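*Asks:* These protein sequences, in sequence, are chains A and B.
Here the UniProt record's numbering is used: the first residue of the first sequence is 1, the next is one more, and so on.
Here the UniProt record's numbering is used: the first residue of the second sequence is 1, the next is one more, and so on.
Glycine residues also receive a C-beta, built at the ideal position from the N, C-alpha and C atoms.
In this text, all values refer to a predicted model and were calculated from it rather than measured experimentally.
After the C-alpha cells below, expect a handful of questions from me.
Number of protein chains: 2
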Amino acid sequence: MNQIDLNLMRTFVLLYETGSVTHTAERLYVTQPSVSYALARLRELFEDRLFVRTRQGMEPTIAARQLYPALRDALQQLQDAIESSRDFEPATCTRRFRLALTDLGEMALLPKLMRRLHEQAPQAELEVVPLEIEHAEEWLAAGRVNALICSRPLTGAAIARHVLLRDRYVCLLNQERFGEGPLTRERFIAARHVAVTSSSGHGLAEEVMRQHGIQRKVSLEIPHFSVLPKVLHDSDLIATMPLQVAASFTEESPLTIHELPFHVPGFEVALHWQAQASRSPSQRWFCESIIEAIGERVRVG
Amino acid sequence: MNQIDLNLMRTFVLLYETGSVTHTAERLYVTQPSVSYALARLRELFEDRLFVRTRQGMEPTIAARQLYPALRDALQQLQDAIESSRDFEPATCTRRFRLALTDLGEMALLPKLMRRLHEQAPQAELEVVPLEIEHAEEWLAAGRVNALICSRPLTGAAIARHVLLRDRYVCLLNQERFGEGPLTRERFIAARHVAVTSSSGHGLAEEVMRQHGIQRKVSLEIPHFSVLPKVLHDSDLIATMPLQVAASFTEESPLTIHELPFHVPGFEVALHWQAQASRSPSQRWFCESIIEAIGERVRVG
DNA sequence: TCATTACATAGATAGCTTTTATTTTTGATA
DNA sequence: TATCAAAAATAAAAGCTATCTATGTAATGA
Numbered sequence: 001m002n003q004i005d006l007n008l009m010r011t012f013v014l015l016y017e018t019g020s021v022t023h024t025a026e027r028l029y030v031t032q033p034s035v036s037y038a039l040a041r042l043r044e045l046f047e048d049r050l051f052v053r054t055r056q057g058m059e060p061t062i063a064a065r066q067l068y069p070a071l072r073d074a075l076q077q078l079q080d081a082i083e084s085s086r087d088f089e090p091a092t093c094t095r096r097f098r099l100a101l102t103d104l105g106e107m108a109l110l111p112k113l114m115r116r117l118h119e120q121a122p123q124a125e126l127e128v129v130p131l132e133i134e135h136a137e138e139w140l141a142a143g144r145v146n147a148l149i150c151s152r153p154l155t156g157a158a159i160a161r162h163v164l165l166r167d168r169y170v171c172l173l174n175q176e177r178f179g180e181g182p183l184t185r186e187r188f189i190a191a192r193h194v195a196v197t198s199s200s201g202h203g204l205a206e207e208v209m210r211q212h213g214i215q216r217k218v219s220l221e222i223p224h225f226s227v228l229p230k231v232l233h234d235s236d237l238i239a240t241m242p243l244q245v246a247a248s249f250t251e252e253s254p255l256t257i258h259e260l261p262f263h264v265p266g267f268e269v270a271l272h273w274q275a276q277a278s279r280s281p282s283q284r285w286f287c288e289s290i291i292e293a294i295g296e297r298v299r300v301g
Numbered sequence: 001m002n003q004i005d006l007n008l009m010r011t012f013v014l015l016y017e018t019g020s021v022t023h024t025a026e027r028l029y030v031t032q033p034s035v036s037y038a039l040a041r042l043r044e045l046f047e048d049r050l051f052v053r054t055r056q057g058m059e060p061t062i063a064a065r066q067l068y069p070a071l072r073d074a075l076q077q078l079q080d081a082i083e084s085s086r087d088f089e090p091a092t093c094t095r096r097f098r099l100a101l102t103d104l105g106e107m108a109l110l111p112k113l114m115r116r117l118h119e120q121a122p123q124a125e126l127e128v129v130p131l132e133i134e135h136a137e138e139w140l141a142a143g144r145v146n147a148l149i150c151s152r153p154l155t156g157a158a159i160a161r162h163v164l165l166r167d168r169y170v171c172l173l174n175q176e177r178f179g180e181g182p183l184t185r186e187r188f189i190a191a192r193h194v195a196v197t198s199s200s201g202h203g204l205a206e207e208v209m210r211q212h213g214i215q216r217k218v219s220l221e222i223p224h225f226s227v228l229p230k231v232l233h234d235s236d237l238i239a240t241m242p243l244q245v246a247a248s249f250t251e252e253s254p255l256t257i258h259e260l261p262f263h264v265p266g267f268e269v270a271l272h273w274q275a276q277a278s279r280s281p282s283q284r285w286f287c288e289s290i291i292e293a294i295g296e297r298v299r300v301g
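Structure follows, in C-alpha cells:
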C-alpha cells in the first residue's frame, strides 16, 4: 500500500474527466503512449479495465465510476494542502473550481461570476454542480465542491457563510393573457399557477402560503426556472420567484411583476464554504472573488 | 502545480511522524540518503527547511507544522480511496488507525480494543487522540480521526453512530474515611467532592445536579479520571462517574460504589464515524472490530 | 473499402531516483 | 575545549523505469 505511485491517481482523474488518453496526455504535457502505459499500470493496480473504448471516448467502468469521486476529492485536498504554503497566482492558475448552484443561481449570478473569474484567472476552470440542498454540508465537508450558493442558511460545524444579496419573492405573469388590474389575493387564489419543484431550497414562499392557509391551483410543475419565460408568455399562469430573476425575465419577455398579495419575509442568498484555517490561498481567492463579483451587483428589494 | 511529485508527501508525513530521516527510510524500505534527497526536494518545493536537527530528532519548522495535518489527512483520504476498491486483509494491514477517546474511554475500553485489533491485525497501528468534544464533528469530516467514542450523540450530517454500551452515573468513595452508612442526599451535599473538568462530554451528572438545585462542594478539580483511585483512597472525597469505570476502580482499590441520591438518566456510549458510502474496507473493518470488541463486554447498568 | 482517429505495444533512451561510499554536522561526554 | 558517536548531507556511480519514437491495431465514418 505504501508503495503505490500516487501520481497515477492524477492520471486516473484526468482520464475520467477527459475521457481520452490523448487529451490526458496533452494536459499532462507528455506523449500519448506515456498515458497509455500509466493506464496499464492503473489497470493492474485496481485489477479492472477502468476505461473501455467506445464511440464517445474512454468510458469508465463501474469500478472506475466508484473510484472517481473519492479520488478526485482526495487529490483536491492534497493539492490544496500543498498549495496552502505556496503563493497563489490567479493569473497562472490552471486548476478547476467547483461551485454548487441552483439553476436560479446559474441564471442570476453565473454571468457576472464567469466574467470576473475569467478576468483574473483566464486559465482556471469553473465547474457548476447542480445543488442538492440536502447534500450541501456533506459536499462541503468532503471537498466535493469548493463553495456553494443557496438561500437556506447552512448550520453545520465549520461552515463559513457570507451573505451575497437579499431578495424577496414576487409574482410574474403575462398581463395580456392574465387580464388587467392588480393582483389581489382573490385573483391569486383563483388563478392557475406554475411551481418549480426544487430540491434547491426555494420553498420559502410555498411554506408561507401553507401557513396562511392559501390553497393555489398548481397547473404545471417543472424542475427548473429557466423555461419559465416561455411558459408564462404562452399562458395565463402565475409564477412565484425571486425578484432578481423575475426582473431579468421581464427584459427578455413582455411579462409583468406583481407583489405577492400576502407577506413573505425576504431571504438572503449566501455563499457557503468550509471554514478550515488550512484552506488554501486559491480557495480563499475563489470565495473572495465570488463575494466581490456578486457583491458589486446593485441590491434589489 | 500539476507536476508535483505527490509521493514526496508520503515522505514528508513520515518524516514528521518519525522525526528521523533514517527511520523514515526504514519504513519506506529505502536507504537513508534516498530520504535525505527527497527531503531536499521537499525543501525546494516548499521553500523552507521544514525540519531542523535537534537532540530530539528532526524538529519540524513552523511551516512544516502547518503543513502536516492537512497533508496527513489528505493522504489518508487518498489511500482510503485507493484502498476502497481493493481487498482488505487485516492480517497484512500496516496502516495506522486514529481513534478519539476520552481518558475514561481509554481506561474502560482500550485494553479490550487493543487486544482485539492486535489479534486480527498485528501489524496495524492505533493512535489514540484525546477527545475534544467540540471538535468531534470537524475531526470526522476532515478525516483527522477514523472514529471516535463518546457519550454525547453527534448530530452532524453524514455521521454514523452505533451504541456500544449503556451506562449510568454512580458515586465512588472510600467508605472507611467517609464513614459508614448509605449515601443520603444530605450526606451527598454535605460531603466534599472531586470533579473531573472534562472537555470530553461527561457533564450529564453535573447538569442534572444543577437542574435539581443541588449545590455540592467541589474540593478538587482534576483533568483526568485516571488518578481518581489514588485520590479517593487517601481522602473522604466523593467522585461521580460512570459505573463501568467505578467498578473497575473498586478492583484495584478498596472503594465503595453508591447510587446517586437523585435520579440521573442513563446514557449511551457510542461509536461515531463518517458515514460515507465511499469509506474504505479498512475503515469498515476498523469500526466493525471496535463494535465487536466492545459489544462483547457484559452490559452493566 | 479506404481513410481517419485513437489506443495499445515494442524497443530504445534518457532522466532521475537510489545506492554505496564518504564527509559534515550536531550534540554529548570527558 | 577537545573528542566521540550518531545522524544527516553530499558525491559519484548505477540501475531502474517512465517516457519517447515508431509502429501496430481496432473502430468509425465517408
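1. Asp80 of chain A lies in the alpha helix (DSSP H); which residues open and close that run?
2. Can you tell which of A:Ala158, A:Ser253 and A:Thr240 has the C-alpha that lies nearest to the C-alpha of Gly143 of chain A?
3. Mind the definition here: the region 160-173 of chain B touches the region 258-273 of chain B only if three or more C-beta pairs lie below 8 Å; say whether that holds.
4. Let me know if His263 of chain A comes out buried or exposed under the rule of 16 or more other beta-carbons within 10 Å of its beta-carbon.
5. Could you check whether the Cβ of Arg86 of chain A sits closer than 8 Å to any Cβ belonging to chain B?
6. Closest to His162 of chain B by C-alpha separation, out of B:Leu50, B:His272 and B:Arg216, would be which residue?
7. At 9 Å on the CB atoms, spell out the chain A contacts of Gly181 of chain B, in chain order.
8. Quick one: which chain B residues come within Cβ less than 7 Å of Met58 of chain A?
9. What separation, rounded to the nearest whole angstrom, lies between the Cα atoms of Gln123 of chain B and Thr92 of chain B?
10. Is the shortest distance between the beta-carbon of Glu138 of chain A and the beta-carbons of chain B less than 8 Å?
11. Rounded to whole angstroms, what's the CA-CA distance from Ala195 of chain B to Leu220 of chain B? Just pull it up for me.
12. Taking the C-alpha atoms as reference points, what is the distance between Leu71 of chain B and Thr184 of chain B?
13. Residues in the same chain with beta-carbon distance under 7 Å from Leu75 of chain B, minus the five sequence neighbours each way, listed in chain order, please.
14. Does the beta-carbon of Gly156 of chain B have 16 or more other beta-carbons within 10 angstroms, so that it is buried, or is it exposed?
15. Which ranges would you report for the beta strand (DSSP E) in the region 95-162 of chain A if only whole runs of at least 3 residues count?
16. Grouping DSSP H, G and I as helix and E and B as strand, with all else coil, what is Gln32 of chain B?
17. Near Ile4 of chain B, what residues of its chain come up, given a Cβ to Cβ distance below 8 Å and the 5 sequence neighbours on each side ignored?
18. Using a threshold of 8 Å, state whether the C-beta atoms of Gln120 of chain A and Ser280 of chain A are closer than that.
19. Could you pull the DSSP bridge partners for Gln274 of chain A from this structure?
20. Going straight from the alpha carbon of Thr94 of chain B to that of Phe88 of chain B, what length do you get?
21. Would you call the region 41-57 of chain B and the region 106-121 of chain B touching, i.e. three or more CB-CB distances under 8 Å?
22. Is Ile4 of chain A close to chain B? Criterion is C-beta to C-beta, closer than 8 Å.
23. Chain B beta carbons: is any one of them nearer than 8 Å to that of Asp243 of chain A?
24. Looking at the C-beta of Gln123 of chain A, does it have a partner C-beta in chain B at a distance below 8 Å?
25. Any idea if Ile294 of chain A is buried or exposed, counting beta-carbon neighbours within 10 angstroms, 16 or more meaning buried?
26. Are any of the Cβ atoms in chain A nearer than 8 Å to that of Phe97 of chain B?
*Replies:* Once the coordinates are examined:
1. Boundaries of the alpha helix (DSSP H) harbouring Asp80 of chain A: Ile62 to Glu83, taken from the DSSP string.
2. Answer by Cα proximity: A:Ala158.
3. With the rule of 3 Cβ pairs closer than 8 Å, the region 160-173 of chain B counts as touching the region 258-273 of chain B.
4. Flag for His263 of chain A reads exposed.
5. By the rule that beta-carbons nearer than 8 Å mark a contact, Arg86 of chain A touches chain B.
6. Of the listed residues, the one whose Cα sits closest to His162 of chain B is B:His272.
7. Simply none; closest approach about 47 Å.
8. The premise fails here: Met58 of chain A is roughly 18 Å from chain B at the closest Cβ pair, so nothing lies under 7 Å.
9. Straight-line measurement puts the Cα of Thr92 of chain B at about 7 Å from the Cα of Gln123 of chain B.
10. Chain B contact via Cβ: present.
11. Between Ala195 of chain B and Leu220 of chain B, the C-alpha separation is close to 6 Å.
12. Spanning the two alpha carbons is a distance of roughly 55 Å.
13. Once the five neighbours on either side are set aside, the close Cβ partners of Leu75 of chain B are Met9, Arg10 and Val13.
14. Counting Cβ neighbours within 10 Å, Gly156 of chain B comes out buried, since at least 16 surround it.
15. Taking only runs of at least 3 residues, the beta strand (DSSP E) segments lying wholly in the region 95-162 of chain A are 96-101, 125-130 and 147-150.
16. Of the three classes helix, strand and coil, the one that applies to Gln32 of chain B here is helix, per DSSP.
17. Here the set comprises Leu45.
18. No, the Cβ-Cβ distance between Gln120 of chain A and Ser280 of chain A is not below 8 Å.
19. Note: Gln274 of chain A sits in a beta bridge opposite A:Ile159.
20. Near 11 Å, if we compare the C-alpha coordinates of Phe88 of chain B and Thr94 of chain B.
21. Taking one beta carbon from each stretch, the region 41-57 of chain B and the region 106-121 of chain B have fewer than 3 pairs nearer than 8 Å; the two do not touch.
22. Yes - at least one Cβ of chain B is within 8 Å of the one on Ile4 of chain A.
23. With the sequence shown as reference, residue 243 of chain A is identified as Leu, and Asp is not the correct amino acid for it. Taking 8 Å as the threshold, the shortest C-beta distance from Leu243 of chain A to chain B does not fall below it.
24. Closer than 8 Å: no.
25. Result: buried.
26. Chain A, which has no Cβ nearer than 8 Å to the Cβ of Phe97 of chain B, makes this no.
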